[in-house]
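Contents: one structure, followed by commentary.
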Amino acid sequence: MERMEIRLRRAAKKSNLLTLFLMIRYLTHNEIDKKKWDKTIQHAFNGNIYACSWYLDIIHPYWNALVEDDYQQVMPLPINEKWNIKYMLHPFFSQQLGVFSKTLLYPDKVTEFINAIPNDVKYIEINFNSFNKIVKDSGILIPHKNHLVDLINTYARTQKHYSTNLKRNLKKSVKANITLHKTTKPEEVVTLFRKNRGKQVKQWNDHHYLRLQHLMYMSIHKGKGIIYGAYSERNTLLAGVFFLKSHNRLTFLFSGQSEEGKKVSAMAFIIDSVIRQFSPGNYTLDFEGSDNEGLARFYKSFGAVETLYYGLKINKLPFPLSALYKIKKLF
1 MERMEIRLRR AAKKSNLLTL FLMIRYLTHN EIDKKKWDKT IQHAFNGNIY
51 ACSWYLDIIH PYWNALVEDD YQQVMPLPIN EKWNIKYMLH PFFSQQLGVF
101 SKTLLYPDKV TEFINAIPND VKYIEINFNS FNKIVKDSGI LIPHKNHLVD
151 LINTYARTQK HYSTNLKRNL KKSVKANITL HKTTKPEEVV TLFRKNRGKQ
201 VKQWNDHHYL RLQHLMYMSI HKGKGIIYGA YSERNTLLAG VFFLKSHNRL
251 TFLFSGQSEE GKKVSAMAFI IDSVIRQFSP GNYTLDFEGS DNEGLARFYK
301 SFGAVETLYY GLKINKLPFP LSALYKIKKL F
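One point on numbering: in our numbering, the residue at position 251 of the sequence shown is 251, and numbering is uninterrupted.
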């Protein structure tokens with residue numbers, strides 16, 4: 001009789017553990033097993049570099065997570081708190097997060113993860129990855145555009161899809177005798193950006209740029225980042241691009257270009273050089289956007305195909321906070 005009770009208790013314990021693993025569990029940062037997490041992101045059919053634990057540690061320290069079935073499906077949660085209000089905004093320098101899985105994902109499963117976000121998170125604006133199908137009643141869905149070039153073909157074949165205007169601009173860069181180097185430092189590209197287009201980017205401050213430089217250096221250290229710099233005949237940096245290299249993607253994460261660089265199409269020169277270097281190969285050039293029509297037109301000039309991913313907005317803030325036009329500025 002005593003042996004039977006012991007067996008029953010053991011069976012119940014195993015059953016409880018099995019039930020626990022099959023549930024979607026909310027884990028605080030210190031509870032996350034990062035070895036299991038990274039293994040999942042590595043083998044997930046929709047894995048990307050933004051969801052790697054080291055990457056998340058930089059863009060949003062102390063991120064939390066939802067985990068199911070012993071890390072078979074996971075979702076990072078970049079939760080913050082201000083004025084005793086918990087909220088979740090999509091972190092800078094990461095385009096797509098959401099649910100990642102080792103097996104196929106159905107809309108119902110993505111909905112389960114959304115519903116498992118803690119109820120005390122009162123405001124959410126987060127981008128899901130392009131493989132996450134979100135049902136409309138989950139919240140406000142915001143479509144975003146991305147542009148991709150498959151590098152499986154030869155360079156010559158890919159080049160046939162270049163626009164006439166792009167081909168004309170590339171001739172300018174050849175005529176200007178631009179040279180390409182891989183020794184450009186992250187801070188040089190950041191400085192180039194801040195002196196030019198960065199003057200119009202008001203949402204980034206010194207803290208964000210330092211975080212970006214940290215991210216670039218760490219990516220390079222891990223063999224996941226590459227910087228290309230285009231230089232003039234006078235050895236002046238005209239443009240610089242930082243690419244992430246992971247999950248069979250070359251992701252155009254950040255760039256800077258001077259006015260002189262624009263005149264001689266230095267940015268186009270770098271992208272064309274990267275396409276030439278990695279073609280043919282098992283990579284996709286990911287331009288990481290854009291919803292901006294001008295940038296989208298530039299990306300499409302390389303023959304990029306437009307794809308969609310969705311942002312989700314959920315507002316559970318009490319009135320009158322919930323009625324504010326630009327809530328994100330509060331946080």
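Each residue gets a CB set at the ideal place from its N, CA and C atoms; glycine is no exception. Remember, it's a predicted structure, so these values are computed and weren't measured experimentally.
Beta-carbon within less than 7 Å of residue i's beta-carbon, same chain only, minus the 5 sequence neighbours each way: which residues are those?
i    : result
S301 : Y162, S163, N165, L166
K34  : S53
From residue i to residue j, what does the alpha carbon distance come to, in whole angstroms?
i    : j    : result
N48  : N235 : 35 Å
V121 : F243 : 33 Å
I58  : R211 : 7 Å
E260 : L238 : 7 Å
V274 : Y50  : 21 Å
Q95  : N129 : 8 Å
N169 : S258 : 16 Å
R335 : K145 : Limits of the chain in this structure are 1 at one end and 331 at the other, which puts residue 335 out of reach.
L304 : W83  : Checking the sequence shown, residue 304 turns out to be Ala, not Leu. Taking the straight line joining both Cα atoms gives about 44 Å.
V264 : N196 : 16 Å
G281 : Y155 : 10 Å
I85  : H221 : 37 Å
I270 : D286 : 14 Å
G229 : Q203 : 26 Å
K172 : N248 : 31 Å
Go ahead and label residue i buried or exposed: buried means 16 or more other beta carbons lie within 10 angstroms of its beta carbon, across all protein chains shown.
i    : result
H90  : buried
A176 : buried
A65  : buried
F92  : exposed
P118 : exposed
P107 : exposed
D272 : buried
P78  : buried
L8   : Below a pLDDT of 50, predicted positions are generally treated as unreliable, and L8, at 38, falls in that range; the measurement from the model is reported next regardless. Exposed: under 16 other Cβ atoms inside 10 Å.
Under a three-way DSSP split, which group does residue i fall into?
i    : result
P320 : coil
L56  : helix
H247 : coil
F131 : coil
T184 : coil
A12  : Unreliable placement is indicated for A12, whose pLDDT of 44 sits below 50; the coordinate value is still reported in the next sentence. Helix, per DSSP.
M23  : coil
I270 : helix
L212 : helix
Q73  : strand
F113 : helix
F278 : helix
Among the residues of its own chain, which have a CB less than 6 Å from the CB of residue i, if the five just before and after it don't count?
i    : result
L56  : W63, P76
G256 : V189, L192, F193, G240
L317 : K122, Y123
F254 : F242
T179 : Y231
Starting from residue i, follow the beta strand (DSSP E) in both directions and report where the run begins and ends.
i    : result
L97  : That residue, L97, is in no beta strand (DSSP E); it is neither H nor E in DSSP.
V305 : 305-315
I79  : 79-82
I152 : Unbroken run through I152: none, as it is neither H nor E.
F64  : Looking at the sequence provided, one finds Asn at residue 64 rather than Phe. It spans 64-68 - the beta strand (DSSP E) in which N64 sits, taken as one unbroken run.
Between which residues of its own chain and residue i is the CB-CB distance below 8 Å, once the five residues before and five after are set aside?
i    : result
K102 : T40, H43, A44, F45, Q72, Q73
Can you tell me whether residue i sits near the ligand MG, meaning its C-beta is under 8 Å from at least one heavy atom of the ligand?
i    : result
V241 : With respect to the ligand MG, the structure offers nothing, as it holds no ligand at all.
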